[in-house]
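K.L.:
Chains as they are written, first to last, in UniProt numbering: chain B, 1 to 486; chain L, 1 to 268.
Have a look at this one:
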């Protein structure tokens, strides 16, 4: 039985539980001649919740843990001799899983029975061809040991799944029967449902939090193993970024950090003034008709995928800057440059700044404007001296959010700024950023457990700390601003 | 004419030379809807004129016409004529920014800018270039705060934010801010409706003192307030001017039944 079938069964049981709970509540109330504390629907609901929630929770946990546990127990049974020279145990396990899956399909196909399968031997049957028939293509012939392990894997998996199904059903029925049995007219089913729903909602937010913790944890873990192989002082202070295949790499973060900050600076230098002026125009000068068209039109910019911006940088902006500005001025001959990526990213950031600032300017109370106009101030004096100072903290918040977005941006930089890590002041030189190097280090051909690959995690952690800091600062400022008019 | 008859005439109409502002056939439209119907009302120099009437009667609308604050509302249209010292303020030649410097306004809810107390008062003189030096500006700030009867309370904290003051103090700060540009007329739109009785008493006292230097028009919902602070009162109802005249007479012996009912609290 597949997990989805089990889920359907549990949900079906919950529906039945609802009906039974309702009826039982009504019946007991009638028999004892007392008024129900809660509406009968709440009794039904609490029974249904007791059937569905623990059972489904168990199922989820089981589905998550089962492969991990089976994997570790089966993988230990593969003898060292079965692992090819230079290969890894995990690669063999990968084959094992695929073969086990293939065997499942063969049995499901119906022409091989479980008994035949047990007799199947790698040196007699052409397992590889047999598996290919059901759509599982293997790179090499199957060795007897691997086939044997695959069979064990499959058997353990089947047993475990069977136990799982039973356990889930027992939990569903057990909790259901208990919830049904305790129904009395005085039972506070309404409050029970309430508590249950609160727990459910809390659980949902817990998922998000745990995911964040998990991501940070894995970043931290891999970063630590990187710093065990590579000195932290070198990483943070060296000005050279030069990864080598055969070790002896120089992995200084400074050129990457410089590139990141330089590109972000160019982007913000374009986006902030433009975005702010757009916001002021939209909020203070534009009529409501124009505003209702212009604002969504500008926000479309935010909906364009960054890869499209990247194309735009690569095909149009880069060559244009090279041919018309960099080469005539003798500043360089590369079409990938900090300027290219920065300008295109700036355009991407305009809607962030303009939209957020527009909302913030609009939330400055009309009384402030009236007060200023009533003293004989013009519109631009009012904006400059009253509205912008009042909106400033919020605008700073918008600015910081845009900054953290700029620092984390990857696609535009890959296509616009190039991949050469250098410390240079010339904005028409190709440079690169932390995000680009994370991609190239992880997608390279080097071994995973080498500093050349693991450096990606250290880079990611640095970036994370950076943007997290900016976001916290932005939130703090925005929150402080909100209190001002209350 | 006998002396008594002359006095009667003075009682009911303002002398031509004492008219500061005059509204002639003023009508206001918000889009299709007419909010004010042919109002004729004069405002006397160096006196307090109270505009009373039930909510939505058009008294605030009329007030906002006097310094063209209605211009900030897109759909609002004003017809008729309003003069300030004989000059039509809706004439295209008039600079609305300059007009508002001459006819200042204090709003219903205290609205100090999120700046320091000093900066709040200095705002008007700065944008109009009324001073040449810091010392002069300091002087204007101090004298405005003194005139608004708040100097003693804030003199040691001039550089703290104006939003940190109490409601009554904020409103007096807003009055100081309006005085600082030395307007000729000050319009007040229910200046005490957000204040407690003690703060209200202080602001009322202040209004009475300001009468010596300024012409004041005040919108109020409080009959007692109108009776206490104003010399002349105008009663609005459903966008029309019902009755206007000397406050004392209006409160003791109103001409229309409507005014009498409103003043005695029988409706509104």
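Ideal Cβ positions, reconstructed from N, Cα and C, are used throughout, including at glycine.
With a threshold of 9 Å between beta-carbons, can residue 211(L) be considered close to chain B, or not?
P.N.:
no
K.L.:
9 Å is my cut-off, CB to CB: does residue 113(L) come that close to chain B?
P.N.:
yes
K.L.:
What whole-angstrom Cβ distance do residue 181(L) and residue 376(B) have, given they're in contact under 8 Å?
P.N.:
6 Å
K.L.:
Does the segment 352-364 of chain B come into contact with the segment 442-459 of chain B, if we say contact requires no fewer than three beta-carbon pairs (one atom in each stretch) closer than 8 Å?
P.N.:
no
K.L.:
So which residues of chain L does residue 282(B) contact, with C-beta pairs closer than 8 Å?
P.N.:
Ordered by position in chain L, no residue passes the 8 Å Cβ test against residue 282(B), which lies about 15 Å from the chain.
K.L.:
Can you tell me whether residue 17(B) is helix, strand or coil according to DSSP?
P.N.:
helix
K.L.:
Short check: CB of residue 154(B) to CB of residue 100(B), under 9 Å?
P.N.:
yes
K.L.:
Following the continuous alpha helix (DSSP H) through residue 264(B), name the residue where it begins and the one where it ends.
P.N.:
254-280
K.L.:
Look at the alpha carbon of residue 406(B) and the alpha carbon of residue 281(B), and state the distance between them as a whole number of angstroms.
P.N.:
Straight-line Cα distance between these residues: approximately 24 Å.
K.L.:
Using the beta-carbon of each residue, which ones in chain B are nearer than 8 Å to residue 177(L)?
P.N.:
371, 375
K.L.:
So if I threshold CB-CB distances at 7 Å, which residues from the segment 121-154 of chain L count as touching chain B?
P.N.:
123, 124, 127, 128
K.L.:
Using the C-alpha atoms, what's the distance from residue 80(L) back to residue 70(L)?
P.N.:
Distance from the CA atom of residue 70(L) to the CA atom of residue 80(L), rounded to whole angstroms, is 14 Å.
K.L.:
Please state if the CB of residue 350(B) and the CB of residue 275(B) are separated by a distance shorter than 9 Å.
P.N.:
yes
K.L.:
What first and last residue would you give for the beta strand (DSSP E) that runs through residue 417(B)?
P.N.:
No beta strand (DSSP E) holds residue 417(B); DSSP gives it neither H nor E.
K.L.:
Is the beta carbon of residue 38(B) sitting closer than 9 Å to the one on residue 189(B)?
P.N.:
Yes; because the gap between Cβ atoms is below 9 Å, this pair is in contact.
K.L.:
Using 9 Å as the limit for Cβ to Cβ distance, is residue 109(L) near chain B?
P.N.:
yes
K.L.:
I need the boundaries of the alpha helix (DSSP H) containing residue 213(B), first residue and last residue.
P.N.:
189-229
K.L.:
For residue 208(L), tell me which candidate among 193(L), 221(L), 232(L) has the shortest Cα-Cα distance.
P.N.:
232(L)
K.L.:
With a threshold of 16 other CB atoms inside 10 Å of the CB of residue 178(B), please say whether the residue is buried or exposed.
P.N.:
exposed
K.L.:
Who does residue 245(L) pair with in a DSSP beta bridge?
P.N.:
Per DSSP, 233(L).
K.L.:
Would you list, in chain order, the members of the segment 163-192 of chain B that have their beta-carbon closer than 8 Å to a beta-carbon of chain L?
P.N.:
So the list is empty, because no residue satisfies the distance condition.
K.L.:
Using DSSP with H/G/I as helix, E/B as strand and the rest coil, what is residue 284(L)?
P.N.:
Since the first residue of chain L shown is 1 and the last is 268, residue 284(L) is not available in this structure.
K.L.:
For residue 169(B), which option in 10(B), 151(B), 475(B) has the closest C-alpha, if you only look at C-alpha atoms?
P.N.:
10(B)
K.L.:
Smallest Cα separation from residue 79(B): which of 197(B), 159(B), 428(B), 143(B)?
P.N.:
143(B)
K.L.:
The alpha helix (DSSP H) spanning residue 118(L) covers which residue range?
P.N.:
117-127
K.L.:
Enumerate in chain order the residues of its own chain whose CB-to-CB distance from residue 463(B) is below 6 Å, with the five nearest sequence positions on each side excluded.
P.N.:
434
K.L.:
Of all the CB atoms in chain L, is at least one closer than 9 Å to the CB of residue 23(B)?
P.N.:
no
K.L.:
Look at the alpha carbon of residue 21(B) and the alpha carbon of residue 201(B), and state the distance between them as a whole number of angstroms.
P.N.:
23 Å
K.L.:
Does residue 100(L) get closer than 9 Å to chain B when you measure Cβ to Cβ?
P.N.:
yes
K.L.:
Taking residue 69(B) as the reference, which of 161(B), 45(B), 388(B), 339(B) has the closest Cα?
P.N.:
161(B)
K.L.:
Tell me, please, which residues DSSP counts as bridged to residue 187(L).
P.N.:
105(L), 217(L)
K.L.:
Leaving out five residues on either side along the sequence, give the residues of the same chain with a beta carbon under 8 Å from the beta carbon of residue 311(B).
P.N.:
The residues are 415.
K.L.:
Would you mind listing the beta strand (DSSP E) stretches within the segment 149-183 of chain B that are 3+ residues and don't spill past its ends, in chain order?
P.N.:
none
K.L.:
Output the distance between the C-alpha atoms of residue 253(L) and residue 245(L), rounded to the nearest integer angstrom.
P.N.:
11 Å
K.L.:
Residue 228(B): buried (16+ other C-beta within 10 angstroms of its C-beta) or exposed?
P.N.:
exposed
K.L.:
I want to see whether chain L comes within less than 9 Å of residue 287(B), judged by CB atoms only; does it?
P.N.:
Yes, its Cβ sits closer than 9 Å to a Cβ of chain L.
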